[in-house]
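Heads up, the sequence shown is in UniProt numbering, so the first residue is 1 and it goes up one at a time.
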Amino acid sequence: MGHEYARMKPREWKRQDVAQRLKNVGVDRDAEKCGKKWDNLMQQFKKVHHFQSLSGGDYFFQLSAKERASEGFNFTMDRVVYDEIEGSTGRNHTINPKNMADTGASGGVRLPSTSNADPESVADGDGGVGREDDNKGSTRGSSQMTGTLAGFGKRKSMRQQTFEALMECMEKHGALMASTMESASKRQCSIQVPQCQELEAEVEVQGKHYAASDEVSKLMCHALLEIAKAIREQ
């Protein structure tokens with residue numbers, strides 16, 4: 001039962017957890033948008049990883065923006081985000097317990113197994129030679145249950161650590177996107193401000209021109225009125 005429970009992580013639960021973690025760091029975003037953002041990020045990662053495999057190195061991160069566009073990349077990905085996701089997923093880019101290495105296991109990195117532990121390999125050390133068969137069976141059963149529970153705790157810890165690493169990747173990616181948008185906005189403002197200043201100067205010149213024209217029109221009207229008056233008096 002513990003093994004089956006370790007697999008249970010509905011998609012909606014993931015989205016809610018991501019939304020809550022982002023909210024804890026000051027980013028208010030609903031779960032649906034978090035899920036779409038993560039799906040897009042993983043699709044981008046897979047595309048970059050496939051390109052890296054074909055090029056045989058870190059060729060993607062050496063390309064300029066124009067060269068990336070010519071290769072069909074209509075997005076940007078930070079190197080830190082790529083490395084974090086690649087380190088978390090390994091060769092298989094589907095996030096699940098089967099492909100997540102347990103970095104907390106003693107004796108080095110180990111991959112979790114989908115099968116239950118071998119009773120012989122997890123037998124309790126107290127089950128020495130000379131015990132009766134029923135005691136051996138009891139020891140094996142107890143040790144197997146202990147091994148299963150320990151494996152569940154290990155998988156849970158590994159999954160939690162991996163999920164936290166992925167959350168950190170998303171936060172870094174979000175910060176990078178915000179920084180990129182801010183830079184683009186600043187560039188746009190630096191272009192538009194001089195244009196606005198030129199328009200203001202043009203409006204001021206036109207205003208003076210219209211004021212002078214209005215004054216001339218008034219003088220002409222006054223002169224015409226004087227001429228009409230003189231004609232009537234004759």
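No residue lacks a Cβ here, since even glycine has one placed at the ideal position from N, Cα and C.
All of these numbers come straight from a predicted model, not from anything done at the bench.
Mind checking whether residue i and residue j have CB atoms under 8 Å apart?
i: Glu71; j: Phe51; result: yes
i: Leu22; j: Arg15; result: no
i: Glu171; j: Val25; result: yes
i: Val18; j: Cys34; result: yes
i: Gln43; j: Met77; result: no
Can you tell me whether residue i is buried or exposed? The criterion is at least 16 other CB atoms within 10 Å of its CB, across all chains shown.
i: Met181; result: exposed
i: His209; result: exposed
i: Arg79; result: exposed
i: Arg232; result: exposed
i: Arg187; result: exposed
i: Val203; result: exposed
i: Met158; result: buried
i: Leu41; result: buried
i: Tyr82; result: buried
i: Phe60; result: buried
i: Leu166; result: buried
Kindly indicate which three-state DSSP category residue i falls into: helix, strand or coil?
i: Ser143; result: Confidence at Ser143 is low in this model, with a pLDDT of 49, below 50, so the placement of that residue should be treated as unreliable; the coordinate-derived value is given next. DSSP places Ser143 in helix when its eight states are reduced to three.
i: Asn24; result: helix
i: Asn74; result: coil
i: Ser64; result: coil
i: Asp30; result: coil
i: Tyr82; result: helix
i: Gly56; result: coil
i: Gln161; result: helix
i: Gln234; result: coil
i: Glu226; result: helix
i: Val18; result: helix
Can you round the beta-carbon distance between residue i and residue j to whole angstroms, since I take them to be within the 8 Å contact cut?
i: Glu168; j: Glu86; result: Not a contact, Cβ separation roughly 14 Å.
i: Gly207; j: Val27; result: Not a contact, Cβ separation roughly 47 Å.
Is there a Cβ from chain C that is less than 8 Å from the Cβ of residue i?
i: Met181; result: Protein chains in the displayed structure number just one, and chain C is not present.
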